[in-house]
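Residue numbers (this note's numbering): 16 to 98. We treat Cβ as the ideally placed atom computed from N, Cα and C, and that holds for glycine. Have a look at the structure below before the remarks.
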Amino acid sequence: MMLCACQPIPPTQAPQILVQQCQTITPCGLPAMSPRTNGELQDALTTAKGAWATCAAKVDLIVECQARSQTRNAAQSKEAKHD
16 MMLCACQPIP PTQAPQILVQ QCQTITPCGL PAMSPRTNGE LQDALTTAKG
66 AWATCAAKVD LIVECQARSQ TRNAAQSKEA KHD
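Written as structure tokens, this is what we have:
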């Protein structure tokens, strides 16, 4: 027996599948500098090295993500062929 105010429970929704994607590639930027003294030149070199290191770390993360993704896709492809 169902009372008038009662309604059937709505079915549960299937879990959402999220696709993990690698970060998009964006250009690296180097700060504009115009050193006029040896001290400023040294500071500019330190700043440029830091910017290049940040850029290299970003590229490394993207390369690692893409490699993992390719490995995962290859494994899934092999599993699909065996099924």
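- Message: To the nearest angstrom, how far is the alpha carbon of THR61 from that of ASP75?
- Response: 21 Å
- Straight-line CA distance for GLN85 to GLN22? 48 Å
- Task: Give the C-beta separation of CYS43 and CYS80 to the nearest angstrom, bearing in mind that I take them to be a contact with Cβ-Cβ under 8 Å.
- Result: Not really, about 17 Å apart at Cβ, beyond 8 Å.
- Which of the three DSSP states, helix, strand or coil, is assigned to CYS21? coil
- Message: Just to confirm before moving on: does the CB-CB distance between PRO46 and ALA66 stay below 8 Å?
- Response: yes
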